[in-house]
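J.: Listed in order, the protein sequences are those of chains A and B. The opening position of the first sequence corresponds to residue 944 in the numbering used here, with each subsequent residue numbered one higher. The opening position of the second sequence corresponds to residue 944 in the numbering used here, with each subsequent residue numbered one higher. Heads up, the beta-carbon is just placed ideally off N, CA and C, and yes, glycines get one too. Computed from a predicted structure; not experimentally measured. My questions all concern the structure below.
2 protein chains.
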Amino acid sequence: MRVLGVDPGLTRCGVGVVDGAPGRPPVLVEAGVIRTPADADLPLRLLAIETELEQWVARHRPEVIAVERVFSQHNTMTVIGTAQAAGVTMLVAARHKLPVHQHTPSEVKAAITGSGRADKAQIGLMVTRVLKLAEAPKPADAADAVALAICHLWRGAGQARVAAALDQARRLQGRRGA
Amino acid sequence: MRVLGVDPGLTRCGVGVVDGAPGRPPVLVEAGVIRTPADADLPLRLLAIETELEQWVARHRPEVIAVERVFSQHNTMTVIGTAQAAGVTMLVAARHKLPVHQHTPSEVKAAITGSGRADKAQIGLMVTRVLKLAEAPKPADAADAVALAICHLWRGAGQARVAAALDQARRLQGRRGA
């Protein structure tokens, strides 16, 4: 399972590709960041993000895209731009018929570090350990995107285990009922 | 000057095309609404909006796109989706090298009705009068998109007059200085 993680943003949009297989540690394929100039027009910035994301998809052929869920409660100056960068990511995914999953920042932090309140340094450290890297992907947005991809692999695996257990329980119950 | 106005939204995205020429009343070309089902996945909804906007652009070849500016202060459940629909609109515009202008709801209301606090019924009424229609474009989102396009024509015309006056003043000053 190859996951493309995207930490949406206009100035720095983190991107990370991670491969995962059951029972094996995840492997980093590529991590980086899409930058657009803060003084460029918003439509051109969104177009630049779309163009580069298309290149990431073409280069790595991910099977799923994991993107950070944006909340309107984050009532900052940047929330609209972040939501639009996330929207462009979902648009690219839909165009390639790739499933998209959104994870909240605290879900990512909890999955990677065990705490939903971890800071950027802790996320970078855990990403480095999990992927057995010499150092954390830089900048922090790239590490966050990689963390999103790992979170998706692990939550997906967890959900698959729960689904399998429920399925088994149902089958056992069916047998008892028969 | 042909303007495509977009009132962004996921469930109902208003679209209106208006032609304007100096000294003549604006003329409605087409108004309508792009609908996406509320129970569909967000990426598919954004893709549907993009696909239909592309069709509007191909059908009418506008010279400029006017889209409602989305604010994070509108701290509702829908602000993220609205921002993403506006982002898709800007993306389509940038792809076709069309200039995009954002207008706030109160700028549109003030331009059309003379009051920044006009309600939907007043906007519908004024759009009907300005364009000499038998009745207001329906639903209200279509009328809002048409109002955005008219607002752009009128604000643009006003800005052009101011720019021309400033230009003339500068030339006069240059002559005096020479």
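(1) Less than 8 Å separating the beta-carbons of B/P986 and A/L1034?
(2) By how many angstroms is the C-alpha of B/P980 removed from the C-alpha of A/T954?
(3) Would you identify the three-state DSSP class for B/P986, choosing helix, strand or coil?
(4) Just reading off the beta strand (DSSP E) that B/V1070 is part of, what are its end residues?
(5) Work out the CA separation of A/I992 and B/V960 for me, nearest whole Å.
(6) When the Cα of A/H1039 is compared with those of A/W999, A/K1075, A/G966, A/R988, which residue comes out closest?
(7) Three or more beta-carbon pairs under 8 Å between the region 1038 to 1054 of chain B and the region 1071 to 1078 of chain B, yes or no?
(8) Once the 5 residues before and after A/I1008 are set aside, which same chain residues still bring their CB inside 6 Å of it?
(9) Count the other CB atoms, across all protein chains shown, that sit within 10 Å of the CB of B/A1054; report buried if there are 16 or more and exposed otherwise.
(10) What residues of chain D sit near A/P986, judged by a beta carbon separation below 7 Å?
(11) Determine whether the beta carbon atoms of B/M1069 and B/E1006 lie at a separation below 8 Å.
(12) Would a check of beta-carbon distances place A/Q1065 closer than 8 Å to chain B?
(13) Please check if any C-beta of chain A sits within less than 8 Å of the C-beta of B/E993.
(14) Can you confirm whether A/V1013, when its beta carbon is compared against all beta carbons of chain B, has any partner nearer than 8 Å?
(15) Taking Cβ-Cβ distances below 8 Å as the criterion, which residues of the region 962 to 991 of chain A are in contact with chain B?
(16) Can you tell me which of B/G1067, B/L990, B/G1024, B/V1010 puts its alpha carbon nearest to the alpha carbon of B/L1096?
(17) For chain A, find out if any of its Cβ atoms is closer than 8 Å to the Cβ of B/G1030; answer yes or no.
(18) Is A/V1070 near the ligand SAH, judged by its Cβ being under 7 Å from some heavy atom?
(19) Mind checking if B/V1022 is an interface residue toward chain A, Cβ cutoff 8 Å exclusive?
(20) Buried or exposed, going by whether 16 or more other CB atoms sit within 10 Å of the CB of B/G1067?
(21) Please report the distance separating the alpha-carbon of A/A1121 from that of A/A964.
(22) Could you tell me the distance, in whole angstroms, from the CA atom of A/A1086 to the CA atom of A/P1080?
(23) In whole angstroms, give me the CA-to-CA distance for A/D962 and A/V970.
(24) State the DSSP-derived secondary structure class of B/P1005, mapped to helix, strand or coil.
(25) Can you say whether B/D1084 is buried or exposed, counting buried as having 16 or more other CB atoms within 10 angstroms of its CB?
(26) If you draw a straight line from the alpha carbon of B/K1052 to that of B/A1061, how long is it in whole angstroms?
(27) DSSP three-state call for B/V1013: helix, strand or coil?
(28) Leaving out five residues before and five after B/E1078 in sequence, what residues of the same chain have Cβ atoms less than 7 Å from its Cβ?
(29) Against chain A, does B/A1001 count as a neighbour if the rule is that its beta carbon must be under 8 Å from one of theirs?
(30) Quick one: give me the first and last residue of the beta strand (DSSP E) that A/A974 is part of.
(31) Out of B/I1023, B/A1026, B/E973, which has the shortest C-alpha to C-alpha gap to B/A1088?
(32) Go ahead and pull the three-state DSSP assignment for A/R955.
(33) Let me see if you follow: with CB-CB separation under 8 Å, is A/Q1027 close to chain B or not?
(34) Starting from the C-beta of B/T1056, find all residues in its chain whose C-beta is less than 7 Å away, skip the five residues before and the five after it, and write them out in chain order.
(35) Decide if B/Q1116 is buried, meaning its Cβ has at least 16 other Cβ atoms within 10 Å, or exposed.
T.: Reading off the structure:
(1) yes
(2) 32 Å
(3) helix
(4) B/V1070 -> not in any beta strand (DSSP E); alpha helix (DSSP H) instead, spanning 1063 to 1073.
(5) 28 Å
(6) A/W999
(7) no
(8) L947, A1036, L1041, V1043
(9) buried
(10) This model lacks chain D altogether; the protein chains it does include are A and B.
(11) no
(12) no
(13) yes
(14) yes
(15) D984, L985, P986, L987, L989, L990
(16) B/V1010
(17) yes
(18) As for the ligand SAH, it is missing from this structure, which has no ligand bound.
(19) yes
(20) buried
(21) With a pLDDT of only 46 at A/A1121, under the threshold of 50, the placement of this residue in the model should not be trusted, and no figure is reported.
(22) 5 Å
(23) 5 Å
(24) coil
(25) buried
(26) 6 Å
(27) coil
(28) T1071
(29) no
(30) 967 to 978
(31) B/E973
(32) strand
(33) yes
(34) Q1065, I1066, M1069
(35) exposed
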